[in-house]
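Q:
Number of protein chains: 4
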Amino acid sequence: MKDKLRVGILGATGTVGQRFIELLDNHPQFAVAAVAASDRSQGKTYAEACAWRLAGEMPEAVRSLIVEAPEPTLDCDVVFSSLPGDMARETESRFRAAGYKVISNSSAFRMDADVPLLIPEVNAEHLALIEGQTARHDGEGFIVTNPNCSTIMLALALAPLDKTFGIEAVAVTTMQAVSGAGYPGVASLDIMDNVVPFIAGEEEKMESETLKILGRLNDSRGGIEAADFAISAQCHRVAVLDGHLAAVRVKLKQRAALEDVRHAFDSFTALLPELPRELKLHSAPEKIIIVRDEPDRPQPRLDRDAGRGMSITIGRVQPDAVLDYRFVCLSHNTIRGAAGAAILNAELLAATGRLS
Amino acid sequence: MKDKLRVGILGATGTVGQRFIELLDNHPQFAVAAVAASDRSQGKTYAEACAWRLAGEMPEAVRSLIVEAPEPTLDCDVVFSSLPGDMARETESRFRAAGYKVISNSSAFRMDADVPLLIPEVNAEHLALIEGQTARHDGEGFIVTNPNCSTIMLALALAPLDKTFGIEAVAVTTMQAVSGAGYPGVASLDIMDNVVPFIAGEEEKMESETLKILGRLNDSRGGIEAADFAISAQCHRVAVLDGHLAAVRVKLKQRAALEDVRHAFDSFTALLPELPRELKLHSAPEKIIIVRDEPDRPQPRLDRDAGRGMSITIGRVQPDAVLDYRFVCLSHNTIRGAAGAAILNAELLAATGRLS
Amino acid sequence: MKDKLRVGILGATGTVGQRFIELLDNHPQFAVAAVAASDRSQGKTYAEACAWRLAGEMPEAVRSLIVEAPEPTLDCDVVFSSLPGDMARETESRFRAAGYKVISNSSAFRMDADVPLLIPEVNAEHLALIEGQTARHDGEGFIVTNPNCSTIMLALALAPLDKTFGIEAVAVTTMQAVSGAGYPGVASLDIMDNVVPFIAGEEEKMESETLKILGRLNDSRGGIEAADFAISAQCHRVAVLDGHLAAVRVKLKQRAALEDVRHAFDSFTALLPELPRELKLHSAPEKIIIVRDEPDRPQPRLDRDAGRGMSITIGRVQPDAVLDYRFVCLSHNTIRGAAGAAILNAELLAATGRLS
Amino acid sequence: MKDKLRVGILGATGTVGQRFIELLDNHPQFAVAAVAASDRSQGKTYAEACAWRLAGEMPEAVRSLIVEAPEPTLDCDVVFSSLPGDMARETESRFRAAGYKVISNSSAFRMDADVPLLIPEVNAEHLALIEGQTARHDGEGFIVTNPNCSTIMLALALAPLDKTFGIEAVAVTTMQAVSGAGYPGVASLDIMDNVVPFIAGEEEKMESETLKILGRLNDSRGGIEAADFAISAQCHRVAVLDGHLAAVRVKLKQRAALEDVRHAFDSFTALLPELPRELKLHSAPEKIIIVRDEPDRPQPRLDRDAGRGMSITIGRVQPDAVLDYRFVCLSHNTIRGAAGAAILNAELLAATGRLS
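Protein chains in written order, with the working numbering: chain Y, 1 to 356; chain P, 1001 to 1356; chain W, 2001 to 2356; chain R, 3001 to 3356.
1. With DSSP collapsed to three states, give me the class of R301(Y).
2. For H3236(R), which residues from the same chain have a beta carbon less than 7 Å from its beta carbon, with the 5 sequence-adjacent residues on both sides left out?
3. Taking all protein chains shown into account, decide if E1022(P) is buried (16 or more other Cβ within 10 angstroms of its Cβ) or exposed.
4. Going by Cα to Cα distance, which pick from S2106(W), M2153(W), G2309(W) is closest to I2009(W)?
5. Rounded to the nearest angstrom, what separates A1239(P) and F95(Y) at their Cα positions?
6. Give me the DSSP bridge partner(s) of P319(Y).
7. Return no unless some Cβ of chain Y is closer than 8 Å to the Cβ of R3297(R).
8. Taking Cβ positions, are G1141(P) and A1169(P) nearer each other than 8 Å?
9. Chain Y partners of M2058(W), CB-CB under 9 Å?
10. By DSSP's criteria, E2994(R) is part of a beta bridge. Which residues make up the other side?
11. With 16 other CB atoms within 10 Å as the buried threshold, where does P3147(R) fall?
12. Please tell me whether I1312(P) has its Cβ less than 8 Å away from any Cβ of chain Y.
13. Whole angstroms is fine: what's the gap from M2058(W)'s alpha carbon to R1304(P)'s?
14. Looking at chain R, which residues of the region 1171–1184 of chain P have a Cβ within less than 9 Å of any of its Cβ atoms?
15. Answer with buried or exposed for P2160(W), where buried requires no fewer than 16 other C-beta atoms within 10 angstroms of its C-beta.
16. For D1324(P), which option in S1267(P), G1337(P), R1255(P), S1356(P) has the closest C-alpha, if you only look at C-alpha atoms?
17. A3037(R) to R3336(R), Cα distance in whole Å?
18. Rounding to the nearest angstrom, what Cα-Cα distance links I312(Y) and I288(Y) in this structure?
19. Against chain Y, which members of the region 3192–3203 of chain R pass a CB distance test of less than 9 Å?
20. Label N345(Y) either buried or exposed according to how many other C-beta atoms from any shown protein chain fall within 10 Å of its C-beta, with 16 as the threshold for buried.
21. DSSP on G1222(P), reduced to helix/strand/coil?
22. Which runs of the alpha helix (DSSP H) fall wholly inside the region 2067–2147 of chain W and span at least 4 residues, in chain order?
23. Taking 8 Å as the cut-off, decide whether the C-beta atoms of E203(Y) and A233(Y) are in contact.
24. Which runs of the beta strand (DSSP E) at least 3 residues long sit entirely within the region 2207–2289 of chain W? Give them in chain order.
25. Do three or more CB pairs link the region 3149–3167 of chain R to the region 3250–3268 of chain R at distances below 8 Å?
26. Residues of chain R with CB closer than 7 Å to the CB of G1053(P), please, in chain order.
27. Specify whether the region 1061–1073 of chain P and the region 1032–1049 of chain P touch according to this definition: at least 3 beta carbon pairs, one from each stretch, less than 8 Å apart.
28. Leaving aside the five residues before and after M2192(W) along the sequence, list all residues of the same chain whose C-beta is less than 7 Å from its C-beta, in chain order.
29. I need the straight-line Cα distance from L2281(W) to D2039(W), nearest angstrom please.
30. From S2283(W) to I2343(W), what does the alpha carbon distance come to, in whole angstroms?
31. If the criterion is Cβ atoms closer than 8 Å, does the pair D3025(R) and A3061(R) meet it?
32. I'd like the span of the beta strand (DSSP E) that includes A3036(R), first residue to last.
33. The alpha helix (DSSP H) that contains L3010(R), what's its start and end?
34. Counting only Cβ-Cβ distances shorter than 8 Å, please list the residues of the region 1221–1238 of chain P near chain Y, keeping chain order.
35. For A2113(W), which residues from the same chain have a beta carbon less than 6 Å from its beta carbon, with the 5 sequence-adjacent residues on both sides left out?
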């Protein structure tokens, strides 16, 4: 554990918190040093406080950690937060004020003008916002967020199209897994033999976050100039455990042949340009976008673990009679869409010297 | 049973065949007089041949009927067909040639120029095609078809919009129930904890059938002039037993306020104009389109049986940033989407004197 | 509504409460006059307070009822209770003290010595306990309970065997539906693609309640002398919406041929002997036990609604190498196993003059 | 691949066949050299012929193998068979006659007197049957089988009890996963929101196979003397993808304290006594039986992959009022219950010099 950054987890017993613990087990750069959660758990060991719901056993290293209050007295270098939205704003704010680097999966600060809404392969240059943020808050602390689970997938899919052809309009219809709602989350009585065509706030998040992520860093005035294409999201909950699926239609600014669209996905490799080419973030997948040509892929159960849950999979790329192209994409919503996203963000922050 | 039309069912042991039997039990106008199915079942009683998979018991009246070959020797006045597509073309053709009136749920003849693709509330005037058809086939026999299970729902939802505002483009994304694939149909290993973004031929059917249904009867040259709006369908199979859901976006020709769109759905009552106003088809629902204003409806399990499975339910009607409006609609795929659709067609044929 | 008994529902917005409302709609003897529930709902109309989760619409008659506190000021003749166990003991007790007749689906009083644990077809003579109960509590109020959802099914299946052959031992293994846990109840993350081999308190309830139900009214000293056979229950939650299934093995006191066992189930018709033979309780099914001979029945989805949810279905009756016989039984857990059970109890109370 | 035994897979494209391929990828002793399957697949590459349905990609090494007929001309040293029961008897027989060593997961030969029904940790001494078998069949070929997927789990759970206390009676009730039925196997229409209380032949297999496995090698006359305790199995299919669960009750010959029963499970480590202690079969799990003390374990989704799918998990060990003890056990039905079982058998055969 020597030389590793000491990490604290806020919301450590929840669905995403458990994924943090699982993914950080044996991580080369980070070691879980503190866990924090709501009142009921505090004072117990993590093993006592947490009903582990992931397959496999709870990692040994965290079993005896004492669950603490989510207060900026945690003994750690960096904080990962998966607090519920209502608590997150105040708590993360206090951590930042106390000088902590907060890498957050919560929605509270995502749309703040000086907070990066970061996907390393898409908008690493937005990290520049941190300077303004620390300046404003008068300290070393800052908050970096990752997008909503559905948005990450969509933004990753759109990024190569936007870069190559420009985007004019996007219509996305999601079929989202129950793990996205946390635990206990979706009642079995609501979702078995059923689809629920509503997830509170999700359509709005997908629309606004996507435009910020694909927005341009505004050098003159600071902040992000949001992308300006039309975007429409319809979100549904389906009886799937893990893995969000999205049926996407997109209108491009430039004409593009089907093969060019497919190639844009398949060859997508963007990352912060100033970083050395050989930089390989630990959690980054071999391939960001896996394109499949079978007529019936991607499927949540078969494709969600691709690239250890950090790749997204795109299939059914076809011309579309209403917009220009359509395709189906899929990603693991609690890995690439949440805990893995935050950890990848932390790895980029570390690689660019922002966590030391 | 006296005075009732005597009905034969082709494909009587399948998923849709069983729905025919269920829905025709105690029907005021039709009585099941003959059942036909593939080789293995022939010669057995229906009770022996058919593994009844609907809730409730197999109706007494059909238990002792002997399953016959699907040949035009069946002793009946009218034939309902739910034969698989590959058999349907040849078999239904033989029945027509032998003078039978064939009301078919199969896809074989749906796109034929002289075959009505009928939804009574939408395009009853297309029945006029029958004249040309009987003329061409030199007899009294004819084929009338109902659309694909997903198409019916979409066409019913679009009809009031098209009539009131005109349609310029439609993008529909479906989440379809497993019963739509018949029995054994979708393997449990394929659909549990999963979504399959592919149903063979379904996207093409939704696109082409919708345009024919909403097309105009071409008085001068006969046939149907297909509607000419742009249409794009993305189809998915989800872990739902009954009830297809569709997320629809639509661009209208005329400007319409949200309230007008909602009202167009809610007040939709079209039927063949020349029919007496008081005509009430037995299987027609009290309300064709039920509009729900809760944020999380329609849902397959809660709404599929609305109007005894013959209403469609529409919810989440909202302005859309890419096209003009979006909404979610749902219908029972083996009732309104198949057996009930065919029976309603037969009722309209009877009411207009075409079955006597 | 004139001449009907005016009914109050405690816990009216819950899963079982909604079933009460549904089953009492258009009931010939009872009319819902008051609804009560926990704090959050009070003061709202039932339509506002209750997220209706049953298929079909909320009955019109209750929509505008104002949800009240579960206090013995409710304006009604009889009270149906489906309060959670922890609230039920105190609240139902207060209602009894205030002179109300309480027909309860809660577990709180089931094992009290002077409270009937009633299944009309099994132990109607246990109603005699009411006399002692009212005497002790000095008023007209009393509490009558129905058993746990799994126990009802088991006791109904064992009753004819016990009466005909005597029972020496019973081993039952259940597979129970998620609706048994109320709403939100079982988290989808816990039950999709899974079985949970534990339901808190359920095994104990099945064992102790069954012995009381099949016990003998002790004329000399009052109370029930519990049946004395060995009983063992293993309970599991499975991914089923409605319908508890139980695999049962039973050792009989007398030798019995397989055909005799089957006949005992099939011909079971017991009811309070002193009642006129022609008495037909409104909610009583045509047939109490439906015996099926297909190798693969009963199944929850196909058989739960038999007898409008009030019959139980038994299949796979076979000799057993360890005990004497084995079989599988099934019942609808929120109809025969909860709301329907309580209503049937109320009907028996009314028929025997105990509700006037 | 040098020095590895060259393996042929019969039934290579099926559910169990795919597990063979997956588990043999990078196996230290075996390399897949030939794949065989039914007519339709023959002549194609494995990649073309096989719709891979396991998570993750098809192993590279087998993609270009040409699927051959299951005839004893396959170029390999050892044959793994997962042929369907009806084909297996004749085909495996021909392979044996041709001198092949056949390690079979099929049911065809399991109950043959001279064929080991092998679980290495339970009855390794039954391998002695091979001598008689090869003698009778006049060659080097032999057949070794593994039990039915449910039986393996049960026999593993009973083995330590039988050895330590003796068994007098066993009553087992299973809840089995759909993957046990192969592909397409269980129709989604049959199992969603449902339980099916019947699996053809399964109860008989569990009863007869368990007695053979726990039987004693009959030195004087050859063959196995079956165990003589009473056994009763009730089998159910539930909506679970992988992982069979069994609720077991057992009557012991000797008295045993609860703690002793738990310890017998927990400390179970049997293997062929004459083998060197340090022998570690590659696929053998660290721990054969994992005992869990949480009240709600084992669960299929959480525990099926324990020990890479080769451990079984036992929980809810309790005294039982009808027999002596009860518990719930679980194993991965296509790994420990099928492909992994056969491979472990092959590893024991190799370790004891029977494959060279």
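The beta-carbon is built from N, C-alpha and C at its ideal position, and this holds for glycine as well. Remember, it's a predicted structure, so these values are computed and weren't measured experimentally.
A: This is what the structure gives:
1. helix
2. T3174, M3175, Q3176, V3195, V3196, P3197
3. buried
4. S2106(W)
5. 43 Å
6. Y325(Y)
7. no
8. no
9. Those do not exist, as M2058(W) stays about 16 Å from chain Y at its closest Cβ, beyond 9 Å.
10. With chain R running from 3001 to 3356 in the structure shown, residue 2994(R) is simply not present.
11. buried
12. It does not: the Cβ of I1312(P) has no partner Cβ on chain Y nearer than 8 Å.
13. Near 15 Å, if we compare the C-alpha coordinates of R1304(P) and M2058(W).
14. V1178, S1179, A1181, G1182, Y1183, P1184
15. Classification of P2160(W): buried, given that the 10 Å Cβ count is 16 or more.
16. Ranking S1267(P), G1337(P), R1255(P), S1356(P) by Cα distance to D1324(P) puts R1255(P) first.
17. Going from the Cα of A3037(R) to the Cα of R3336(R) covers about 23 Å.
18. Distance from the CA atom of I312(Y) to the CA atom of I288(Y), rounded to whole angstroms, is 6 Å.
19. M3192, D3193
20. buried
21. coil
22. 2085–2097, 2120–2123, 2129–2137
23. yes
24. 2230–2237, 2244–2252
25. By the Cβ test, the region 3149–3167 of chain R is in contact with the region 3250–3268 of chain R, since at least three Cβ pairs between them sit closer than 8 Å.
26. Per the sequence shown, residue 1053(P) should be read as Arg rather than Gly. Those are L3189, listed as they occur along chain R.
27. yes
28. Closer than 7 Å at Cβ, skipping near neighbours: A2239.
29. Distance between the alpha carbons of L2281(W) and D2039(W) is about 35 Å.
30. 7 Å
31. Taking C-beta atoms as the reference points, D3025(R) and A3061(R) count as a pair closer than 8 Å.
32. Run containing A3036(R): 3030–3036, per the beta strand (DSSP E) assignment.
33. Run containing L3010(R): none in the alpha helix (DSSP H); it sits in the beta strand (DSSP E), 3005–3010.
34. Here the close residues are A1230, I1231, S1232, Q1234, H1236, V1238.
35. G2223
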